[in-house]
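Each remark here refers to the structure printed beneath this line.
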Amino acid sequence: MAKTLEVVVRPHELRERVAQWRRKGERIAFVPTMGNLHAGHGSLVSKASELAEHVIVSIFVNPLQFGPNEDFAAYPRTPEDDRELLRSLNVEVLFAPEVDDIYPRGQETTARVHVPGLEDILCGAFRPGHFMGVATVVTKLLNLVQPDVALFGEKDFQQLMIIRRAAIDLCMPIEIVGVPTAREKDGLAMSSRNRYLLPEQRAVAPQIFAALDRARVALEAGSTDYAALEQAGTEALQKAGFRPDYFAIRDAHSLQMPNGESNDLVIVTAARIGRARLIDNVRAKRPSK
Ligand code: PAF
Numbered sequence: 038m039a040k041t042l043e044v045v046v047r048p049h050e051l052r053e054r055v056a057q058w059r060r061k062g063e064r065i066a067f068v069p070t071m072g073n074l075h076a077g078h079g080s081l082v083s084k085a086s087e088l089a090e091h092v093i094v095s096i097f098v099n100p101l102q103f104g105p106n107e108d109f110a111a112y113p114r115t116p117e118d119d120r121e122l123l124r125s126l127n128v129e130v131l132f133a134p135e136v137d138d139i140y141p142r143g144q145e146t147t148a149r150v151h152v153p154g155l156e157d158i159l160c161g162a163f164r165p166g167h168f169m170g171v172a173t174v175v176t177k178l179l180n181l182v183q184p185d186v187a188l189f190g191e192k193d194f195q196q197l198m199i200i201r202r203a204a205i206d207l208c209m210p211i212e213i214v215g216v217p218t219a220r221e222k223d224g225l226a227m228s229s230r231n232r233y234l235l236p237e238q239r240a241v242a243p244q245i246f247a248a249l250d251r252a253r254v255a256l257e258a259g260s261t262d263y264a265a266l267e268q269a270g271t272e273a274l275q276k277a278g279f280r281p282d283y284f285a286i287r288d289a290h291s292l293q294m295p296n297g298e299s300n301d302l303v304i305v306t307a308a309r310i311g312r313a314r315l316i317d318n319v320r321a322k323r324p325s326k
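Using the working numbering, the first residue of the sequence shown is number 38, and each one after it goes up by one.
Laid out in structure tokens, this is it:
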């Protein structure tokens with residue numbers, strides 16, 4: 038049945054709507070976003086509607102997860118297009134809170150959620166405070182919505198791991214589901230930040246996935262020379278015109294360097310070009326001995 042999109046701004050209104058569904062014993066799936074929705078978000082919403090009777094999408098550009106020199110002000114905001122897409126996806130509720138609804142006493146005094154061991158490595162080393170901001174806002178949003186299940190893209194692999202860990206450690210009775218990365222035909226991972234790419238930068242952007250996939254092929258063929266593969270990935274990106282922050286091979290369960298026991302690996306990278314900082318990852322299964 039076609040649903041009408043209801044836009045809810047105030048948390049108490051959202052709670053009322055959720056309470057009505059709960060009283061009927063119906064399941065709720067939640068997709069938190071920062072807007073500028075694309076087909077990648079579309080696949081999160083599609084999966085969400087398979088898992089629950091009701092889907093809530095939030096749009097909130099979270100100031101706490103942006104550093105002082107990052108793109109908070111410039112982050113693409115496309116509310117009309119977003120609503121149109123959500124209507125076409127049959128979403129029932131868009132939760133679009135104001136900053137004061139999420140940070141009632143200001144960002145400076147808010148309680149903060151840290152996930153030690155995961156928040157300072159990889160992207161966290163280059164974006165201090167970023168994952169604290171993500172873990173904090175996601176905890177607040179999950180507390181407000183109280184869904185049965187919440188869905189996040191696997192493109193943000195480190196973010197997904199941090200959210201899973203926070204949900205477990207904070208005893209939230211919510212299933213956290215990762216959804217595979219949606220890609221353009223040429224392999225580029227879909228991202229709101231792809232908008233920043235000039236045509237010549239967009240032309241080389243698929244090199245990120247290509248470099249990750251070359252490392253995957255080598256790992257799956259049995260290579261354990263992680264340092265050489267990381268170096269080759271970094272150089273390939275530099276040659277294509279990127280400034281890589283890192284190109285790293287990690288254990289997919291701990292995000293630490295792989296040890297002899299790690300069979301499930303992930304190759305993760307973040308690379309800058311022009312105004313854009315793009316991230317992507319590819320999983321690799323090490324052949325069994
Ligand atoms: O991935 C995002 O869009 C954001 O980091 C999230 C999870 C919505 C938190 O602001």
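Even glycine gets a Cβ: it sits at the ideal position worked out from N, Cα and C.
query                                                                                                                                                                            : result
Can you give me the C-alpha to C-alpha distance between residue 115 and residue 73, rounded to a whole angstrom?                                                                 : 5 Å
Alpha carbon to alpha carbon, what distance is there between residue 107 and residue 168?                                                                                        : 14 Å
Is the segment 63-77 touching the segment 116-123 in the sense that three or more CB pairs, one from each, lie closer than 8 Å?                                                  : yes
Check whether the Cβ of residue 195 lies closer than 7 Å to any heavy atom of the ligand PAF, and answer yes or no.                                                              : no
Given a cut-off of 8 Å, decide if residue 307 and residue 163 are closer than it, judged by their beta-carbon atoms.                                                             : yes
In chain order, what are the residue ranges of uninterrupted beta strand (DSSP E) at least 3 long that sit wholly in the segment 39-96?                                          : 43-45, 65-70, 91-96
For the beta strand (DSSP E) that residue 295 lies in, which residues bound it at each end?                                                                                      : Residue 295 -> no beta strand (DSSP E), and no H or E assigned at all.
Using a threshold of 7 Å, is the CB atom of residue 102 nearer than that to any non-hydrogen atom of the ligand PAF?                                                             : yes
Spatial neighbours of residue 224 within its chain, please: C-beta separation below 7 Å, excluding the five flanking residues on both sides.                                     : 243, 246, 247
Would you mind working out which of 179, 198, 213 sits nearest residue 88, comparing C-alpha positions?                                                                          : 213
With a CB to CB cut of under 6 Å and the five nearest residues on each side skipped, what residues in its chain are close to residue 316?                                        : 307
Drop a sphere of 10 angstroms on the beta-carbon of residue 180, count the other beta-carbons inside from all chains shown, and report buried for 16 or more, exposed for fewer. : exposed
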